[in-house]
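Numbering (the working numbering), first residue to last: 6 to 350. Beta carbons are placed, not taken as given, at the ideal position from N, Cα and C, and that holds for glycine.
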């Protein structure tokens, strides 16, 4: 059995250590939110520099440059750190609405020697054009299948997963169409399905209601971003549905000031709190449903800009997990076996 990467199919036993949710290149200008405060407004169009990192640790969306990662040399160097740490496969969750570039992804896979898996489908409604918002469920389904079986855009570079499919803090009309189209494409192709859930919401439950209605096997589904607020009851309900859940915000410990918090945003727990919850869920028997990643999508998350980078789980989180009693076998389960089983059933 194999999984499709941007350079072609790769056998399941060659995937190795997988980071199951990252962004190699991204354009999130749709979320750029300059401060209304006079003394901060002017930094919105600045470059990310060291003197701004403190502000960005409290609100990463103040500076437009922070939500764009497009430099090939920088991204290649960052990914090589992941490879040097023992990583072998990167799932790139960038879909339509986030600046996906399949050709650049393939060049970067060649540059780094990593397996890079691209995603098919559509991000959240606010990131879509009016033309895209008018697509029917059947058209969305057909487009996703084309990206999986023929190629992304005008290329022959095929996606290997469906997603991340975007769901906002309240599921919007296009997002429901997009998710249903993605589910129907999944049923036709058996491709792995990844669903982005607004991190400060419990819309994973609404998404799962759609998944159930569309009769998708939950073992083919990943629900993302459950580790921003660590809502235990919400997480357990998802796990009991049989899906994978993703601790994919390791490295993000941002404290949003209350005046910057709007619907659909909020604060982040710490990596230590995430580690403790991972240990609790393992002890409760959910280890086979856990995935670990960093969802690098901000310049300030890159090592070059003072962040922890793509290597963070391997270099820093694994020792923390061991400190609380997670075994090597359990770590391999989350970093190798679980993502492989999701990607290649």
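Among the candidates the options, whose CA atom is the shortest distance from the CA of residue i?
i           : options               : result
residue 233 : 221, 180 and 283      : 283
residue 225 : 195, 291 and 209      : 195
residue 230 : 240, 222 and 223      : 240
residue 163 : 310, 235 and 111      : 111
residue 31  : 347, 49, 289 and 69   : 69
residue 161 : 99, 19, 123 and 71    : 123
residue 66  : 47, 57 and 36         : 36
residue 209 : 304, 330 and 227      : 227
residue 253 : 23, 223 and 47        : 23
residue 187 : 174, 175, 217 and 204 : 217
residue 271 : 292, 136, 235 and 251 : 235
residue 345 : 78, 51, 38 and 197    : 197
residue 148 : 125, 139 and 175      : 125
residue 293 : 137, 247 and 312      : 247
residue 146 : 176, 193, 138 and 177 : 193
residue 245 : 286, 174 and 175      : 286
Beta-carbon separation of residue i and residue j under 8 Å?
i           : j           : result
residue 132 : residue 91  : no
residue 200 : residue 184 : yes
residue 63  : residue 261 : yes
residue 280 : residue 325 : yes
residue 215 : residue 169 : no
residue 107 : residue 158 : yes
residue 127 : residue 165 : no
residue 99  : residue 105 : yes
residue 88  : residue 119 : yes
residue 255 : residue 299 : yes
residue 21  : residue 341 : yes
residue 237 : residue 343 : no
residue 179 : residue 130 : yes
residue 80  : residue 11  : no
residue 296 : residue 334 : no
residue 310 : residue 53  : yes
residue 73  : residue 97  : no
With residue i as the anchor, note down where its alpha helix (DSSP H) starts and where it stops.
i           : result
residue 213 : 209–218
residue 187 : 178–194
residue 60  : 58–61
residue 242 : 237–245
Cα separation between residue i and residue j?
i           : j           : result
residue 143 : residue 156 : 18 Å
residue 302 : residue 206 : 19 Å
residue 25  : residue 153 : 18 Å
residue 336 : residue 323 : 7 Å
residue 84  : residue 315 : 6 Å
residue 167 : residue 288 : 30 Å
residue 150 : residue 190 : 6 Å
residue 14  : residue 348 : 12 Å
residue 319 : residue 56  : 28 Å
residue 71  : residue 305 : 6 Å
residue 47  : residue 58  : 15 Å
residue 329 : residue 277 : 10 Å
residue 212 : residue 242 : 13 Å
residue 93  : residue 44  : 44 Å
residue 327 : residue 42  : 44 Å
residue 109 : residue 27  : 15 Å
residue 273 : residue 259 : 5 Å
residue 350 : residue 38  : 41 Å
residue 257 : residue 321 : 13 Å
residue 141 : residue 331 : 46 Å
residue 138 : residue 177 : 11 Å
residue 16  : residue 6   : 6 Å
residue 222 : residue 18  : 23 Å
residue 78  : residue 116 : 10 Å
residue 8   : residue 317 : 25 Å
Let's see if you can read the secondary structure: which residues bound the beta strand (DSSP E) around residue i?
i           : result
residue 97  : 94–97
residue 297 : 295–297
residue 351 : Nothing can be reported for residue 351: it is not among the residues displayed for the chain, which extend from 6 to 350.
residue 10  : 7–10
residue 90  : No beta strand (DSSP E) contains residue 90, which DSSP labels as neither H nor E.
residue 13  : 13–16
residue 198 : 198–202
residue 43  : Taken as a continuous stretch (DSSP letters only), residue 43 belongs to no beta strand (DSSP E), being part of the alpha helix (DSSP H) at 43–46.
residue 26  : 23–27
residue 171 : 166–172
residue 226 : 226–228
So that I know if they touch, is there some Cβ in chain C lying closer than 8 Å to that of residue i?
i          : result
residue 93 : This model lacks chain C altogether, as it is built from one protein chain only.
Just to check, is the beta-carbon of residue i closer than 7 Å to a non-hydrogen atom of the ligand SAM?
i           : result
residue 302 : Within the structure as shown, the ligand SAM is missing, as the structure has no ligands at all.
Legend entry - Ranges of the alpha helix (DSSP H) found wholly within the region 271–346, counting only runs of at least 4: The qualifying runs are 276–288, 323–328 and 333–337.
Inset, instruction - Pick out the complete alpha helix (DSSP H) segments inside the region 110–149, 4 residues or longer, and give them in chain order. - result: Entirely contained in the region 110–149, the alpha helix (DSSP H) runs reaching 4 residues are, in chain order, 135–138.
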